[in-house]
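K.L.:
One structure is given below, represented as structure tokens, and several questions about it will come after.
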Amino acid sequence: MTVTDDRFSRMKPYNAGFVRKIDSRDLPPGPRWPALLQSIALLRFRHQFIPALHKRYGDTFTIRTVPKAAPLVLFSRPEHAKEIFAGDPEIFHAGKGNAILGPIMGEHSLLLQDSSEHRRARKLLMPAFNGAALRGYESVVTQLAKDEIARWTPGVPFRSLDRMNALTLEVILRVVFGVTDERRLTELRPLVNRTVDISPVVLLGWGYPFLQRFGPWKKTVENQRALDKVMYAEIAERRRAGDLHERTDVLSQLLAVGGTDQDGLSDAELRDQLVTLLLAGHETTATALSWSLYELGRHPAALREARAAARNGDAAHLEAVMKEAMRLHPVIPMVVRHLMEPATIGGRELPRGANVGPSILLSHRREESFPEPESFCPARFLEGHVAPNTWIPFGGGVRRCIGAGFSLMEGVAVLREVLLRYDVALPAGARDYPKVRNITSVPRHGARIVVRPDPGGGPG
Ligand code: HEM
Numbered sequence: 006m007t008v009t010d011d012r013f014s015r016m017k018p019y020n021a022g023f024v025r026k027i028d029s030r031d032l033p034p035g036p037r038w039p040a041l042l043q044s045i046a047l048l049r050f051r052h053q054f055i056p057a058l059h060k061r062y063g064d065t066f067t068i069r070t071v072p073k074a075a076p077l078v079l080f081s082r083p084e085h086a087k088e089i090f091a092g093d094p095e096i097f098h099a100g101k102g103n104a105i106l107g108p109i110m111g112e113h114s115l116l117l118q119d120s121s122e123h124r125r126a127r128k129l130l131m132p133a134f135n136g137a138a139l140r141g142y143e144s145v146v147t148q149l150a151k152d153e154i155a156r157w158t159p160g161v162p163f164r165s166l167d168r169m170n171a172l173t174l175e176v177i178l179r180v181v182f183g184v185t186d187e188r189r190l191t192e193l194r195p196l197v198n199r200t201v202d203i204s205p206v207v208l209l210g211w212g213y214p215f216l217q218r219f220g221p222w223k224k225t226v227e228n229q230r231a232l233d234k235v236m237y238a239e240i241a242e243r244r245r246a247g248d249l250h251e252r253t254d255v256l257s258q259l260l261a262v263g264g265t266d267q268d269g270l271s272d273a274e275l276r277d278q279l280v281t282l283l284l285a286g287h288e289t290t291a292t293a294l295s296w297s298l299y300e301l302g303r304h305p306a307a308l309r310e311a312r313a314a315a316r317n318g319d320a321a322h323l324e325a326v327m328k329e330a331m332r333l334h335p336v337i338p339m340v341v342r343h344l345m346e347p348a349t350i351g352g353r354e355l356p357r358g359a360n361v362g363p364s365i366l367l368s369h370r371r372e373e374s375f376p377e378p379e380s381f382c383p384a385r386f387l388e389g390h391v392a393p394n395t396w397i398p399f400g401g402g403v404r405r406c407i408g409a410g411f412s413l414m415e416g417v418a419v420l421r422e423v424l425l426r427y428d429v430a431l432p433a434g435a436r437d438y439p440k441v442r443n444i445t446s447v448p449r450h451g452a453r454i455v456v457r458p459d460p461g462g463g464p465g
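Residue numbers for the sequence shown follow the working numbering, beginning at 6 and rising by one.
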């Protein structure tokens, strides 16, 4: 039996063990509809549902979700976000809230762990995401961005989300997995694409191993086995590579850390962390980038400033563009922690077993935090007006997104290349809105843009 067979047969139904019934009198107010309806509203219509609840119940309210009407208490004030992010990680667990991703990411995934296991994995992964490591990845990202945008056809509208997805996938394969062999890349691309495209129905049904003999579950297991086989082969080859310490990709750095630490990551752990980085880092960054291009296309003055910044090497300005696009269009709507013990947030004691979290959607639209919150204004990130715990697209505290710096580095490199080469506009009449796709929110129409060569004479 291989490691993967074992993994599939051990899956448990999602949320099986830790949901307990909680009396509504112990919780902030919220709608009284059946939990199934509230879950559907949260999953499918969050962009209407969450603001409507905010209007009706104020800054803190409770949603009931399936199974067992589990309460999810959402907060929108920065001081409450701060309390949650600073909460004791032994009490504020994050891993359990992500349990649905277990079948794909694997039990060792950083996203699924808590307590000492999380601390250990985070410590081993961190060096591959520090400033020096990020600088090492930048030239590969820049080259991949140049190759991608050189293929765009000027004057013909296209879905920037699709092109950014293709690009960020390539970045993960080359910069995170460190694969350069074209044969292996060809083998990996379809397997990875199918892994990323997994539907929530497949994830929800996964806890029932008998389903793995049928339809979409069977296909998913087969794809996962094939992906695992290639990943384990790559890990084995990389362990033997003589040039590990000169290589700048994330996998090689993780192996290098293991080399100096008896307690390094095992093959199964590496596989799980790599798939986690793939799933957490690919579409999220692509979405943020496509919204950035869309907003630049909508705002000619902001575009002019951003293009000047690209020419002048002003990375801070390009980063501000991406940050402002992520403020207006959060990729992930909220951050969730599961209370292992009663905890007090905003002066209110909440019971053990409740899920709590800041609503990123609401936090980013607060007038007090962001004057004229509906307008696209990258300058607010340059003038020091953004207070702590108001802009929280990457969550916070010990669980803050480990790839935050990576995605901003990638975003700046990609925006720079696009803006050096092209003028960006929206096709006539194009307007886009967020749409829910699994856990993330993406532009409904793919953030369509049209590019034209730089009237000033092309790159540089
Ligand atoms: C625009 C892009 C991205 C967004 C909006 C985003 C957002 C988030 C959020 C909201 C969390 C949860 C934080 C919390 O619970 O407090 C998270 C966690 C995480 N993200 Fe990202 N992310 C992005 C890019 C990336 C990239 C590029 C990578 C890796 C290459 C990555 C890897 C992870 C991992 C491993 C975690 C789990 C951290 C932990 O539990 O300790 N993310 N991300």
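Heads up, the beta-carbon is just placed ideally off N, CA and C, and yes, glycines get one too.
1. With 16 other CB atoms within 10 Å as the buried threshold, where does Glu379 fall?
2. Taking Cβ positions, are Leu41 and Ile68 nearer each other than 9 Å?
3. Please confirm if Val207 has its CB atom under 9 Å from at least one CB of chain C.
4. Mapping the DSSP letters down to three states, classify Thr265 as helix, strand or coil.
5. Between which two residues does the beta strand (DSSP E) containing Tyr427 stretch?
6. Would Met131 be called buried (16 or more neighbouring beta carbons within 10 Å of its own) or exposed?
7. Looking at Ile105: is its Cβ nearer than 9 Å to the Cβ of Leu208?
8. How long is the line joining the alpha carbons of Asp459 and Pro305, rounded to whole angstroms?
9. Can you tell me which residues form a DSSP beta bridge with Phe50?
10. Lys224: buried (16+ other C-beta within 10 angstroms of its C-beta) or exposed?
11. Among all the DSSP beta bridges, which residues are the ones paired with Ala348?
12. Which value, in whole angstroms, describes the spacing of the CA atoms of Arg370 and His85?
13. For Ser364, which of Phe215, Asp152, Leu259 and His334 has the nearest alpha-carbon?
14. Could you tell me how far apart the beta carbons of Thr253 and Leu232 are, in whole angstroms, since I believe they sit closer than 8 Å?
15. What residue does the alpha helix (DSSP H) around Phe90 start on, and which one ends it?
16. For the beta strand (DSSP E) holding Pro440, just list the boundary residues, first then last.
17. Drop a sphere of 10 angstroms on the beta-carbon of Glu274, count the other beta-carbons inside from all chains shown, and report buried for 16 or more, exposed for fewer.
18. Evaluate Thr265 with the Cβ neighbour count: other Cβ atoms within 10 Å of its Cβ, from every protein chain shown; 16 or more gives buried, anything less gives exposed.
19. Pull the bridge partners of Ser295 from the DSSP assignment, please.
20. Cβ of Ala320 within 9 Å of Cβ of Arg421?
21. In or out: Ala21 buried (at least 16 other Cβ within 10 Å) or exposed?
22. Using the Cα positions of Asp64 and Val78, report the straight-line distance between them to the nearest angstrom.
23. Does the distance between the C-beta of His123 and the nearest non-hydrogen atom of the ligand HEM fall short of 8 Å?
24. Going along the chain, which unbroken runs of the alpha helix (DSSP H) with 4 or more residues stay wholly within the region 189 to 232?
25. Name the two residues that bound the continuous alpha helix (DSSP H) containing Leu115.
26. Compute the distance between the beta-carbons of Asp31 and Leu344, then report whether it is under 9 Å.
27. For Ala359 versus Pro76, is the C-beta distance shorter than 9 Å?
28. CB of Val181 to nearest heavy atom of the ligand HEM: below 8 Å?
P.N.:
In brief:
1. To locate residue 379, count along the sequence shown from 1; it is residue 374. Glu379 should be labelled exposed.
2. Working through the sequence shown from its first residue, we reach residue 41 at position 36. Working through the sequence shown from its first residue, we reach residue 68 at position 63. The answer is no: Cβ separation not under 9 Å.
3. Absent here is chain C; the protein component of the structure consists of one chain.
4. Position 260 of the sequence shown holds residue 265. With a pLDDT of 48 at Thr265, under the threshold of 50, the modelled position of this residue cannot be trusted; read the value that follows with caution. Correct three-state label for Thr265: helix.
5. Locating residue 427 in the sequence shown gives position 422, counting from the first residue. From DSSP, the beta strand (DSSP E) with Tyr427 extends over Tyr427 to Ala430.
6. Position 126 of the sequence shown, counting from 1, holds the residue named residue 131. That one is exposed.
7. Taking the sequence shown and counting its residues from 1, one reaches residue 105 at position 100. Taking the sequence shown and counting its residues from 1, one reaches residue 208 at position 203. Yes; because the gap between Cβ atoms is below 9 Å, this pair is in contact.
8. Translated into the one-based positions of the sequence shown, residue 459 becomes position 454. Translated into the one-based positions of the sequence shown, residue 305 becomes position 300. Between Asp459 and Pro305, the C-alpha separation is close to 14 Å.
9. Start at 1 with the first residue of the sequence shown, and residue 50 comes out as number 45. According to DSSP, Phe50 bridges with nothing at all.
10. As a working mapping, residue 224 is identified with position 219 in the sequence shown. Flag for Lys224 reads exposed.
11. In the sequence shown, residue 348 corresponds to position 343, counting from 1. Answer by DSSP bridge pairing, in chain order: Leu355.
12. Numbered from 1 along the sequence shown, position 365 holds the residue referred to as residue 370. Numbered from 1 along the sequence shown, position 80 holds the residue referred to as residue 85. About 15 Å.
13. On the sequence shown, residue 364 is found 359 positions in, with the first residue counted as 1. For the residues Phe215, Asp152, Leu259 and His334, the minimum Cα distance to Ser364 belongs to His334.
14. Start at 1 with the first residue of the sequence shown, and residue 253 comes out as number 248. Start at 1 with the first residue of the sequence shown, and residue 232 comes out as number 227. Going by Cβ atoms, the distance from Thr253 to Leu232 rounds to 24 Å, so no, they are not a contact pair.
15. What you label residue 90 is simply residue 85 of the sequence shown in a count that begins at 1. Pro83 to Phe90 is the extent of the alpha helix (DSSP H) around Phe90.
16. Here the question's residue 440 lines up with position 435 in the sequence shown. Here residue 440 turns out to be Lys, not Pro, going by the sequence shown. Taken as a continuous stretch (DSSP letters only), the beta strand (DSSP E) holding Lys440 covers Pro439 to Arg442.
17. Within the sequence shown, numbered from 1, the residue matching residue 274 stands at position 269. With 16 or more Cβ atoms within 10 Å of its Cβ, Glu274 is classed as buried.
18. Counting from one through the sequence shown, the residue named residue 265 turns up at place 260. Below a pLDDT of 50, predicted positions are generally treated as unreliable, and Thr265, at 48, falls in that range; the measurement from the model is reported next regardless. Looking at its Cβ environment, which holds fewer than 16 other Cβ atoms inside 10 Å, Thr265 is exposed.
19. Counting from one through the sequence shown, the residue named residue 295 turns up at place 290. Answer by DSSP bridge pairing: none, since Ser295 is not bridged.
20. For the purposes of this step, residue 320 is identified with residue 315 of the sequence shown, where counting begins at 1. For the purposes of this step, residue 421 is identified with residue 416 of the sequence shown, where counting begins at 1. Yes, these two residues count as a Cβ contact at 9 Å.
21. Position 16 of the sequence shown, counting from 1, holds the residue named residue 21. Any reading at Ala21 must be qualified, since the residue scores a pLDDT of 48, below 50, and its modelled position is unreliable; no value is offered.
22. The residue you call residue 64 lines up with position 59 of the sequence shown. The residue you call residue 78 lines up with position 73 of the sequence shown. Distance between the alpha carbons of Asp64 and Val78 is about 10 Å.
23. Your numbering for residue 123 matches position 118 in the sequence shown. Yes, the Cβ of His123 comes within 8 Å of a heavy atom of the ligand HEM.
24. 205 to 210
25. Position 110 of the sequence shown, counted from the first residue, corresponds to residue 115. Per DSSP, Leu115 belongs to no alpha helix (DSSP H) and is neither H nor E.
26. Residue numbering aside, residue 31 sits at position 26 when the sequence shown is read from its first letter. Residue numbering aside, residue 344 sits at position 339 when the sequence shown is read from its first letter. No. Outside cutoff.
27. To locate residue 359, count along the sequence shown from 1; it is residue 354. To locate residue 76, count along the sequence shown from 1; it is residue 71. It is a contact, given that the beta carbons lie within the stated cut-off.
28. Residue 181 sits at position 176 when you count from the first residue of the sequence shown. Answer for Val181: yes, Cβ within range of the ligand HEM.
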